[in-house]
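In what follows, a structure is listed as structure tokens, so that the remarks can point back to it.
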Amino acid sequence: MPNITNILKAEISRVARKEVRAEIETLKKATTGTERISRNSNTPGSPNAATTTAS
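Counted from 1, the sequence shown has number 39 at position 36 by this note's numbering; the numbering is strictly sequential.
The following block contains the structure:
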């Protein structure tokens, strides 16, 4: 009969990895959205783009 401690440890590790993967996926999606907004706001002609004047 398998050791109950090892079974519980393996199950807890499996569930923890699953939770971490889900959290990382959420963070990746949020980061991608932020990067997309940031990139779009810095394009020339964008209302949010920094303007430079020639002196």
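Backbone N, C-alpha and C fix where the C-beta goes; we use that ideal spot for every residue, glycine too.
For residue i, which residues of its own chain have a beta-carbon under 7 Å away from its beta-carbon, when the five flanking residues on both sides are left out?
i  : result
L1 : With the chain running from 4 to 58 in the structure shown, residue 1 is simply not present.
How would you call residue i, buried or exposed, if buried means at least 16 neighbouring beta carbons within 10 angstroms?
i   : result
S44 : exposed
R20 : exposed
Do we get a CB-CB distance below 7 Å when we pair residue i with the residues of chain B?
i   : result
N43 : This model lacks chain B altogether, as it is built from one protein chain only.
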